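Going from the sequence shown to this note's numbering is simple: count from 1 and add 9. Even for Gly, the Cβ is constructed at its ideal location relative to N, Cα and C. This structure is a prediction, so every number in the text was calculated from the model and none was measured. Structure first, commentary second.
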Amino acid sequence: MAAKRDNFGSHFAAIMAMAGSAIGLGNIWRFPYVVGQNGGAAFIVVYLFSAVFLCIPIFLSEALIGKRTQLSTFGAMEALAPGRKWKWLGFLTVFTPLIILSYYSVVGGWSLEYLLKALSFSFTSADVTQEGLSADFSGFISSTWAPLFFHTVFMLINAFVLMAGVKGGIEKFTKITTPLLFVLVVVIMAYSMSLPGAGAGISYLLKPDFTKLTPYSVLSAMGQAFFSLSLGVGCILTYGSYLKKDSDLLTTGLSTSLFDLCFALIAGFAIMPAVFAAGIEPGAGPGLIFETLPFIFSKMGAGMPVVSGIIAIIFFITIVFAALTSSISMLETGVAYLVDQKHLARGKAIAILFTGCWALGVLCCLSFGPMADVKILGLTVFDLCDKMTANFLMTFGSLLFTLFVGWRMKKSDVYDEFTNGGSLRTSVKVFGFVYFLIKFVAPVVIGVIFITTLVM
Ligand code: PFF
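This is the structure we're talking about:
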């Protein structure tokens with residue numbers, strides 16, 4: 010039997026922790042540039058559809074399994090389908106977030122370095138050039154020691170927060186940082202939208218041009234929605250297992266998804282108007298926030314260096330905190346497994362996983378420099394970890410979670426858990442629709458995405 014486990018102290022705390030996991034580099038680093046690469050508003054429309062019709066059912070499936078069993082991934086599947094192969098899904102999802110963490114921590118480390126640069130007002134000098142910033146960024150990520158150092162610091166912060174436990178660490182941290190993230194990103198949005206020429210960026214995000222949508226961009230929109238809500242990797246299941254038995258899954262799921270969506274949209278409106286105001290290509294790619302935005306800060310700084318210097322600081326603080334609230338959920342998924350199933354002390358579990366993730370992260374880090382030529386299946390270690398998880402394992406996990414709840418669990422058990430024994434009126438009313446989405450819509454659509462991703 011599992012030892013007595015912590016629970017989130019309140020409904021608010023649970024939502025902040027789950028929203029914290031969802032809101033991350035995916036919203037602020039990935040979302041704006043994939044929108045930029047895929048034609049703007051039309052991409053956002055597909056993204057919104059996927060969020061509502063696919064992500065919410067997957068989210069509810071995962072959280073429901075966690076809440077029902079009050080166990081982490083492996084134990085939860087074993088408890089609901091004893092002696093069956095389903096437990097290997099649990100096992101797989103212990104590893105997926107740890108692999109994501111290894112490369113995510115590298116980007117988290119870059120953000121820390123850029124926060125330090127912003128704190129020393131390096132982006133406000135008038136002689137900063139786009140070429141200079143690009144050269145700085147490539148020079149930094151391809152060097153050996155500095156990115157390793159920041160990756161290590163980023164991982165240590167994660168371990169430190171988790172050492173304090175679910176209530177004392179995750180809950181306390183995310184209850185402060187998740188709302189703070191919203192305040193910070195709204196400040197940046199207000200500044201960005203007030204810049205001369207920002208209007209073009211705003212209409213880029215608001216006026217859909219469906220002729221720009223390709224099958225690939227539809228897939229990217231769905232993949233982005235999965236990544237953004239941390240789906241298919243067991244994080245939501247694990248956080249679901251910290252929900253109290255009388256928690257309302259529907260409101261938790263809807264609020265988390267809504268916060269995540271709003272955050273991604275606000276981040277888009279914080280970044281694109283500034284990009285357009287500075288006359289820069291919106292499809293600049295992954296370097297957007299590290300190469301392009303500092304240039305924008307410097308350009309805007311010609312008149313008011315202090316204001317734009319402060320905006321740069323706020324911007325990189327937002328990125329660091331957004332990354333941290335997500336990365337702790339990845340590490341926690343593995344920690345919960347070792348504590349629940351292997352009965353390890355929390356500290357020991359954290360130390361073991363920290364070491365493993367840190368080591369894989371080192372290889373990811375070096376794949377921009379000394380190990381750039383080491384390729385597996387034609388990809389660097391960083392790209393392999395990214396593609397394997399974001400394009401393959403997350404979709405696969407999401408598919409299996411919905412199949413499990415829709416086809417393996419008894420409908421009456423699902424109803425019971427979703428409506429708290431029929432006592433939640435709204436949940437009772439929408440159950441039929443939600444169950445239909447979980448049982449039929451989500452698996453079919455995700456199955457198609459999965460197969461298409463494999464053959465593309
Ligand atoms: N949702 C996070 C983001 O948008 O950055 C990324 C993420 C968190 C992916 C947790 C997977 C995960 F398990």
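Item, Value
"V464 (DSSP reduced to helix, strand or coil)", "helix"
"Separation of A273 from V170, as counted between CA atoms", "25 Å"
"Proximity test, T105 beta-carbon vs ligand 1 heavy atom, cut-off 8 Å", "yes"
"S30 beta carbon near ligand 1 (any heavy atom closer than 8 Å)", "yes"
"Distance between A85 and W367 (C-alpha atoms, nearest Å)", "27 Å"
"Contact the region 382-394 vs the region 39-58: 3+ CB pairs below 8 Å", "no"
"Residue range of the alpha helix (DSSP H) that includes V423", "420-428"
"Beta strand (DSSP E) segments (min. 3 residues) lying fully within the region 275-320", "none"
"Inter-residue Cα distance where the pair is V61 and T133", "41 Å"
"V453 beta carbon near ligand 1 (any heavy atom closer than 8 Å)", "no"
"Beta-carbon proximity list for S234, same chain, < 6 Å, skipping 5 on both sides", "Here the sequence assigns Ala to residue 234, which means Ser is not the residue at that position. Contacts found: Y56, S59, A60, C64."
"Cβ shell of D392 (< 8 Å), same chain only, five flanking positions each side left out", "S376"
"Same chain, Cβ closer than 6 Å to F306, five either side skipped, listed in chain order", "F132, S317, A321"
"DSSP three-state assignment for T161, whether helix, strand or coil", "helix"
"Cβ neighbour criterion (16 or more within 10 Å) applied to Y225", "exposed"
"Near ligand 1: C64 beta-carbon under 8 Å from a heavy atom", "no"
"Closer than 8 Å: I109 CB and nearest ligand 1 heavy atom", "yes"
"Proximity below 9 Å, CB of L88 to CB of D269", "Strictly speaking, residue 88 in this sequence is Ala, with Leu absent from that position. No, the pair does not count as a contact, with Cβ atoms beyond the cut-off."
"For L240, three-class secondary structure by DSSP", "coil"
"DSSP-derived helix/strand/coil call for L215", "helix"
"CB contact flag (F24, T261, <9 Å)", "The sequence shown places Ile at residue 24, rather than the Phe named in the question. Yes."
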